[in-house]
Amino acid sequence: MLNKPVILCVDDEQTVLESLKIELKRTFGDQYLIETAESSKEALELVKQLIDDNYELPVVISDYIMPDMKGDELLTRIHAISPATAKVMLSGQASPETVENTLQQLKLYRFLKKPWQPEDIIFTLSEAIKSYFLEKQLANKTQELERKVATFHKFVPVQFLKLLNIEEYEQIKLGLCVEKTMTIMFSD
6 MLNKPVILCV
16 DDEQTVLESL
26 KIELKRTFGD
36 QYLIETAESS
46 KEALELVKQL
56 IDDNYELPVV
66 ISDYIMPDMK
76 GDELLTRIHA
86 ISPATAKVML
96 SGQASPETVE
106 NTLQQLKLYR
116 FLKKPWQPED
126 IIFTLSEAIK
136 SYFLEKQLAN
146 KTQELERKVA
156 TFHKFVPVQF
166 LKLLNIEEYE
176 QIKLGLCVEK
186 TMTIMFSD
């Protein structure tokens with residue numbers, strides 16, 4: 006069973022982290038754990054630990070300019086560990102080229118400029134979280150559908166459908182009768 010989902014905030018400025026944490030606690034209450042990291046190294050260790058401990062990580066929000074590693078590199082590494090996690094970058098200093106590259110490479114959910122508007126960051130994170138869970142639900146439904154199709158093919162082989170001149174599965178109906186002569190070999 007998975008634990009409570011986590012929102013991870015990464016910034017080298019403690020005041021920014023405190024501000025984010027207060028804003029997120031006020032908005033989401035106890036619905037999510039709010040974790041913070043003051044460095045990229047600390048963030049990477051925390052992400053690995055959270056994944057190992059079966060926590061879901063729907064969103065990471067990271068500063069761009071940090072002393073040990075820039076935010077785009079951090080988000081690239083987080084993407085390698087947890088590709089489904091939505092990634093949001095904060096910065097007052099990132100160049101438009103950096104933002105564009107990060108958006109394309111990492112499927113960055115959004116870039117926000119510092120200082121941010123509380124409504125903007127809350128809306129962005131709420132939508133990122135919603136998107137994360139919808140993507141997860143879609144992936145689960147796709148897997149379920151693939152299993153059902155595989156099971157269907159075990160009992161109704163494609164070759165049999167071709168003999169019946171059925172091109173679309175929707176054409177199969179209960180009581181469908183087609184008279185054909187065929188040879189069937191059973192084996193144990």
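Numbers given in our numbering equal positions in the sequence shown, counted from 1, plus 5. Even for Gly, the Cβ is constructed at its ideal location relative to N, Cα and C.
In this structure, does DSSP put residue i in helix, strand or coil?
i	result
methionine 6	The predicted model places methionine 6 with a pLDDT of 49, which falls under 50 and marks its position as unreliable; any figure quoted below should be read in that light. Note: methionine 6 maps to coil in three-state DSSP.
alanine 155	helix
serine 100	coil
serine 44	coil
aspartate 125	helix
alanine 144	helix
tyrosine 60	coil
threonine 90	coil
phenylalanine 191	coil
asparagine 106	helix
lysine 112	coil
For residue i, which beta-bridge partners are listed by DSSP?
i	result
valine 11	Leu38
leucine 95	Asp68 and Leu117
If distances are taken between C-alpha atoms only, which option among the options comes closest to residue i?
i	options	result
aspartate 17	Ser96, Phe157, Phe128 and Glu132	Ser96
tyrosine 69	Thr156, Phe116 and Ile56	Phe116
alanine 133	Gln122, Asn59 and Lys112	Lys112
tyrosine 60	Thr147, Ser87, Pro123 and Leu168	Ser87
alanine 173	Gln109, Met71 and Val154	In the sequence under discussion, the amino acid at residue 173 is glutamate, which differs from the alanine named in the question. Measuring from the Cα of glutamate 173, the nearest candidate turns out to be Val154.
glutamate 102	Tyr114, Asp35 and Asp77	Asp77
serine 131	Ser45, Pro63 and Glu23	Pro63
leucine 38	Glu47, Asp125, Gln142 and Leu55	Leu55
isoleucine 127	Phe191, Val93, Ser45 and Leu169	Val93
leucine 143	Ala89, Thr107 and Phe157	Ala89
valine 104	Arg82, Thr129, Lys75 and Asp125	Lys75
valine 11	Val21, Asn145, Gln109 and Lys26	Lys26
isoleucine 83	Asn8, Ser45 and Lys141	Ser45
threonine 129	Ile66, Met190, Phe191 and Asp73	Ile66
glutamine 110	Asp125, Leu79 and Glu140	Leu79
Whole-angstrom Cβ separation of residue i and residue j, contact assumed at under 8 Å?
i	j	result
leucine 5	leucine 51	Coverage of the chain is limited to positions 6 through 193, which leaves residue 5 absent and any answer about it impossible.
serine 136	alanine 85	With a Cβ gap of about 20 Å, serine 136 and alanine 85 do not count as contacting.
glutamate 28	proline 123	6 Å
In the DSSP assignment, the beta strand (DSSP E) including residue i goes from what residue to what residue?
i	result
isoleucine 66	64–68
Could you give the residue range of the alpha helix (DSSP H) that holds residue i?
i	result
lysine 118	Where lysine 118 is concerned, there is no enclosing alpha helix (DSSP H), although the beta strand (DSSP E) it sits in stretches over 115–118.
threonine 20	19–33
threonine 81	76–86
Spell out whether any CB of chain D is found under 7 Å from the CB atom of residue i.
i	result
proline 63	Here there is only one protein chain, and chain D is not present.
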